[in-house]
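**Student:** Encoded as structure tokens, here's the structure I'll be asking about.
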Amino acid sequence: MSVLVRIPTPLRSLTQGQAEIKVEGGSIGELIERLDARYAGLKDRLCEGDGKIRRFINIYVNEEDIRFLQGPATPLKTGDAVSIVPAIAGGTPKI
Amino acid sequence: MAHVKGLTCRECHRPYPAKPLHVCEFCFGPLEVDYDYAALRRVATRRAIEAGPPSIWRYRALLPVDGEAAVGHACGMTPLVRAKNLGAALGVQECYLKNDAVCHPTLSFKDRVVAVAVTKALEFGFQVVACASTGNLANSVAAHAAEASLKSVIFVPADLEQTKIVGTQIYRPTLVAVDGNYDEVNRLCSEVADKYGWAFVNINIRPYYAEGSKTFGFEIAEQLGWRAPQHIVVPAAGGSLVTKIWKGLKELHALDLIPEVRTRMYVAQAAGCGPIVNAIKADSEIIRPVKPKTIAKSLAIGNPADGYYAFKAVKESGGSGEHATDEEILDGIQLLAATEGIFTETAGGVTVAAARTLIARGVIPRDESLVISITGNGLKTQEALAGLLPAGLTIKPTLKAFDEALATHEAEAGGRLSAAGPGQERAR
Chain A
7 MSVLVRIPTP
17 LRSLTQGQAE
27 IKVEGGSIGE
37 LIERLDARYA
47 GLKDRLCEGD
57 GKIRRFINIY
67 VNEEDIRFLQ
77 GPATPLKTGD
87 AVSIVPAIAG
97 GTPKI
Chain B
2 MAHVKGLTCR
12 ECHRPYPAKP
22 LHVCEFCFGP
32 LEVDYDYAAL
42 RRVATRRAIE
52 AGPPSIWRYR
62 ALLPVDGEAA
72 VGHACGMTPL
82 VRAKNLGAAL
92 GVQECYLKND
102 AVCHPTLSFK
112 DRVVAVAVTK
122 ALEFGFQVVA
132 CASTGNLANS
142 VAAHAAEASL
152 KSVIFVPADL
162 EQTKIVGTQI
172 YRPTLVAVDG
182 NYDEVNRLCS
192 EVADKYGWAF
202 VNINIRPYYA
212 EGSKTFGFEI
222 AEQLGWRAPQ
232 HIVVPAAGGS
242 LVTKIWKGLK
252 ELHALDLIPE
262 VRTRMYVAQA
272 AGCGPIVNAI
282 KADSEIIRPV
292 KPKTIAKSLA
302 IGNPADGYYA
312 FKAVKESGGS
322 GEHATDEEIL
332 DGIQLLAATE
342 GIFTETAGGV
352 TVAAARTLIA
362 RGVIPRDESL
372 VISITGNGLK
382 TQEALAGLLP
392 AGLTIKPTLK
402 AFDEALATHE
412 AEAGGRLSAA
422 GPGQERAR
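Below, the structure is given as structure tokens:
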């Protein structure tokens, strides 16, 4: 289950400047764990202490907001594209 | 900066200095001004406020500015009108209108936030102010920039009402009409704000700007004799106003200026763009963005920046929300004009219509105090009424022509103007 994750500019300091990362994961939750294992501290930026995705972090799987899918349990399949987008002043990328 | 401690992330509560910042670097939550309330208790007294100028600046201690007001000295302290006729039409006993249709200088509540934002931009040393706007903000930023001798750059959706374009261009800003809706304009402006060193009032100055909205709530409480009403209906676009009125009332209570706040807050939105009301009705804190389709263009924000906080303010207060269809909006505008002689823009029509529905549904009780927020002036959205209003009587300049026209008019309208009024003596 290899998916492509797009990292927003403010988080690239954690990913050694990489804008796109290929990572394995069966769900969004698993993907965040894998990313955090590779780039320590990333999970802390994306999730609250209890693992809930932070309110102003939007995660999209193939253009759909995971809030309207299954949240962190949203399943992933090979070839899916995951975008992480901070919602800045209503700046969510699309409707 | 006597009473401002700095900025704090609303989400993760990390502290930041009082600089032109608006987003938490860590969790991307919005930043909010943090005050030293202990120090405020000593200076923000009823007596001090009442002795202040008849403008928003009487609440300067509760606003995030260091020095004196730089612009907008006559802004705010708009009338709180006891609306007996509208109350009777809606079936409520104690109805008030907070009428920012006459806010100085550009006839909408946006003058409150912009007076604060432009004063703050000058304190920060900016030379250019800018904004993304659905119209009222454009008018206000351009006007206050002119007063402050600053340059301004105004981004608006290209389909804006002509009167709002003229009401902006008269101040000679750089006006950028963007081929897209407000949400697209706003997204573009976030990128522009990153690239150019301008004071975007609703982006990098937002934490300061938004505080100006508290004065709408402060004034309601002071004008009611230092008490909060039981119900306030507020129109919402980005959701900031309702959030800040609620914050303002709670601040007044925390400073012992008013008794305990038992106000219920209600959000009014158009049916064609009601993401916050949708969330309130679904009782879900997740605001699902919508594509706006409404005549209330000043409220046409499909992805409201403060939607979650507006939702929270409503729920915390025990309030609710209601939609208004385009037809109801136009009825609302006309009802307000017919009952109170106040001409509001489409957003005011939304608020009146939503209040009407909330009362009819029994959500707002008929025997409790209600304030309906009128946030903009009808002269700005005249296009919305096209074809709805009757033509006047057109006559030759003779009494005979008038008599005939009046007789015809009375026959058609079913009214008897000629037999009415105290002027009993009439020529035969």
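Residue numbers (the working numbering), protein chains in the order written: chain A, 7 to 101; chain B, 2 to 429.
Every residue gets a Cβ at the ideal spot worked out from N, C-alpha and C, and that includes glycine.
How would you call D37/B, buried or exposed, if buried means at least 16 neighbouring beta carbons within 10 angstroms?
**Tutor:** For this step, residue 37/B is matched to residue 36 along the second sequence. It counts as exposed.
**Student:** Could you work out which residues of chain B lie near A93/A, taking near to mean beta carbons separated by less than 9 angstroms?
**Tutor:** For the purposes of this step, residue 93/A is taken as the residue at position 87 of the first sequence. Within 9 angstroms Cβ-Cβ: F29, N304, A306.
**Student:** Would you grab the beta carbon distance between L300/B and A238/B for me? Rounded to a whole angstrom, and I think it's under 8 angstroms.
**Tutor:** Start at 1 with the first residue of the second sequence, and residue 300/B comes out as number 299. Start at 1 with the first residue of the second sequence, and residue 238/B comes out as number 237. L300/B to A238/B, Cβ: 5 angstroms. Contact.
**Student:** Please classify Q270/B as buried or exposed, where buried requires at least 16 other C-beta atoms within 10 Å of its C-beta.
**Tutor:** Start at 1 with the first residue of the second sequence, and residue 270/B comes out as number 269. It is buried - the Cβ of Q270/B has at least 16 other Cβ atoms within 10 Å.
**Student:** Please compile the residues from chain B whose C-beta is within a distance smaller than 7 angstroms of the C-beta of R73/A.
**Tutor:** Position 67 of the first sequence, counting from 1, holds the residue named residue 73/A. Those are I287, listed as they occur along chain B.
**Student:** Smallest Cα separation from P31/B: which of Y309/B, G322/B, A420/B?
**Tutor:** Position 30 of the second sequence, counting from 1, holds the residue named residue 31/B. Comparing Cα positions, the closest option is Y309/B.
**Student:** From the DSSP output, in three-state form, read off G97/A for me.
**Tutor:** Translated into the one-based positions of the first sequence, residue 97/A becomes position 91. Here the model assigns G97/A a pLDDT of 41, short of 50, so the residue's position is not dependable and the matter cannot be decided.
**Student:** Taking only beta-carbon atoms, is C25/B less than 9 angstroms away from chain A?
**Tutor:** As a first step, residue 25/B must be located in the second sequence, where it is residue number 24. So, interface residue.
**Student:** Run down chain A in chain order and give the residues with a C-beta less than 8 angstroms from the C-beta of E12/B.
**Tutor:** Residue 12/B sits at position 11 when you count from the first residue of the second sequence. Residues of chain A passing the Cβ test: R60, R61, F62.
**Student:** Is V91/A closer than 9 angstroms to I65/A when the C-beta atoms are compared?
**Tutor:** To locate residue 65/A, count along the first sequence from 1; it is residue 59. To locate residue 91/A, count along the first sequence from 1; it is residue 85. In this structure, V91/A lies closer than 9 angstroms to I65/A by Cβ.
**Student:** Could you tell me which residues DSSP puts in a beta bridge with Y36/B?
**Tutor:** Taking the first residue of the second sequence as position 1, residue 36/B is located at position 35. Looking at the DSSP assignment, Y36/B forms a beta bridge with V5/B.
**Student:** Roughly how many angstroms lie between the CA atoms of Y183/B and E328/B, to the nearest whole one?
**Tutor:** Along the second sequence, read from residue 1 onward, the residue named residue 183/B stands at position 182. Along the second sequence, read from residue 1 onward, the residue named residue 328/B stands at position 327. About 23 angstroms.
**Student:** Out of curiosity, what's the CA-to-CA distance linking V29/A and E192/B?
**Tutor:** In the first sequence, residue 29/A corresponds to position 23, counting from 1. In the second sequence, residue 192/B corresponds to position 191, counting from 1. V29/A and E192/B: Cα-Cα distance of roughly 29 angstroms.
**Student:** Within 9 angstroms (strictly less), CB to CB, does R51/A reach chain B?
**Tutor:** Against the first sequence, residue 51/A aligns to sequence position 45. Yes - at least one Cβ of chain B is within 9 angstroms of the one on R51/A.
**Student:** If we define contact as Cβ-Cβ less than 9 angstroms, is Y36/B a contact residue for chain A?
**Tutor:** Position 35 of the second sequence, counted from the start, is the residue given in the question as residue 36/B. No, Y36/B lies away from the interface with chain A (no Cβ there is under 9 angstroms from its Cβ).
**Student:** What did DSSP end up calling N100/B once you bin it into helix, strand or coil?
**Tutor:** Walking along the second sequence from the start, residue 100/B turns up at place 99. In the structure shown, N100/B sits in a strand (DSSP, three-state: E or B).
**Student:** Can you name the residues of chain A whose CB is closer than 7 angstroms to the CB of Y309/B?
**Tutor:** The residue you call residue 309/B lines up with position 308 of the second sequence. Within chain A, the residues R61 have their CB atoms less than 7 angstroms from the CB of Y309/B, given in chain order.
**Student:** Closer than 8 angstroms: is that where the CB of S134/B sits relative to any heavy atom of the ligand SAH?
**Tutor:** This structure does not include the ligand SAH; it has no bound ligands of any sort.
**Student:** Could you tell me which of S8/A, K58/A, T15/A sits nearest to A25/A, measuring between CA atoms?
**Tutor:** Taking the first sequence and counting its residues from 1, the one referred to as residue 25/A is at position 19. If we check each option's Cα against that of A25/A, T15/A comes out closest.
**Student:** By the three-class DSSP mapping on this structure, what secondary structure does D284/B have?
**Tutor:** Taking the second sequence and counting its residues from 1, one reaches residue 284/B at position 283. Note: D284/B maps to coil in three-state DSSP.
**Student:** Less than 8 angstroms between the CB atoms is what I'm expecting for A144/B and I155/B, so what's the real figure, rounded?
**Tutor:** Numbered from 1 along the second sequence, position 143 holds the residue referred to as residue 144/B. Numbered from 1 along the second sequence, position 154 holds the residue referred to as residue 155/B. Between I155/B and A144/B the Cβ distance is about 11 angstroms, and since that is not below 8 angstroms, they are no contact.
**Student:** Excluding sequence positions up to five away, which residues of its chain have a Cβ less than 8 angstroms from the Cβ of V179/B?
**Tutor:** Within the second sequence, the letter at position 178 stands for residue 179/B. If we look at V179/B and ignore the five residues flanking it on each side, its Cβ neighbours are F156, V157, P158, A159, E185, V186, L189.
**Student:** Which value, in whole angstroms, describes the spacing of the CA atoms of I296/B and S141/B?
**Tutor:** The residue labelled residue 296/B in the question sits at position 295 within the second sequence. The residue labelled residue 141/B in the question sits at position 140 within the second sequence. The alpha-carbon atoms of I296/B and S141/B are separated by roughly 21 angstroms.
**Student:** Roughly how many angstroms lie between the CA atoms of K58/A and R47/B, to the nearest whole one?
**Tutor:** The residue labelled residue 58/A in the question sits at position 52 within the first sequence. The residue labelled residue 47/B in the question sits at position 46 within the second sequence. Going from the Cα of K58/A to the Cα of R47/B covers about 44 angstroms.
**Student:** Put C25/B into one of helix, strand or coil per three-state DSSP.
**Tutor:** In the second sequence, the residue the question calls residue 25/B occupies position 24. It is coil, neither helix nor strand.
**Student:** By Cβ distance below 8 angstroms, which residues in the same chain neighbour A255/B in space, the five residues on each side in sequence not counted?
**Tutor:** Locating residue 255/B in the second sequence gives position 254, where the first residue counts as 1. Cβ within range, chain order: Y38.
**Student:** Check the Cβ-Cβ distances between P16/A and every residue of chain B, and say whether any is below 9 angstroms.
**Tutor:** Working through the first sequence from its first residue, we reach residue 16/A at position 10. Answer yes: the Cβ-Cβ gap between P16/A and chain B drops below 9 angstroms somewhere.
**Student:** Excluding sequence positions up to five away, which residues of its chain have a Cβ less than 6 angstroms from the Cβ of V114/B?
**Tutor:** Within the second sequence, residue 114/B is the residue found at index 113, counting from 1. Excluding positions up to five away in sequence, the list reads Y210, G213, S214.
**Student:** Please state whether the Cβ-Cβ distance between K435/B and L161/B is less than 9 angstroms.
**Tutor:** Since the first residue of chain B shown is 2 and the last is 429, residue 435/B is not available in this structure.
**Student:** My output table needs one value for S56/B: the three-state DSSP class, helix, strand or coil.
**Tutor:** The residue labelled residue 56/B in the question sits at position 55 within the second sequence. In this structure, S56/B counts as coil in the three-state DSSP scheme.
**Student:** Give the DSSP-derived three-state secondary structure of K152/B in the structure shown.
**Tutor:** Here residue 152/B refers to the residue found at position 151 when the second sequence is read from its first residue. Three-state result, K152/B: strand.
**Student:** Work out the CA separation of V44/B and I259/B for me, nearest whole Å.
**Tutor:** Here residue 259/B is taken as the residue at index 258 of the second sequence, counted from 1. Here residue 44/B is taken as the residue at index 43 of the second sequence, counted from 1. Each residue's Cα considered, the two are about 15 angstroms apart.
**Student:** Restricting to Cα atoms, I'd like to know which of S419/B, Y60/B, K165/B is closest to V117/B.
**Tutor:** The sequence position of residue 117/B within the second sequence is 116, counting from 1. Of the residues S419/B, Y60/B, K165/B, the one whose Cα lies closest to the Cα of V117/B is Y60/B.
**Student:** Indicate whether T264/B and Q231/B have their beta-carbon atoms separated by less than 9 angstroms.
**Tutor:** Looking up residue 264/B in the second sequence gives position 263. Looking up residue 231/B in the second sequence gives position 230. Yes.
**Student:** State the beta-bridge partners of Y66/A as determined by DSSP.
**Tutor:** Stepping through the first sequence from its first residue, residue 66/A is reached at position 60. Y66/A pairs with D71/A, S89/A.
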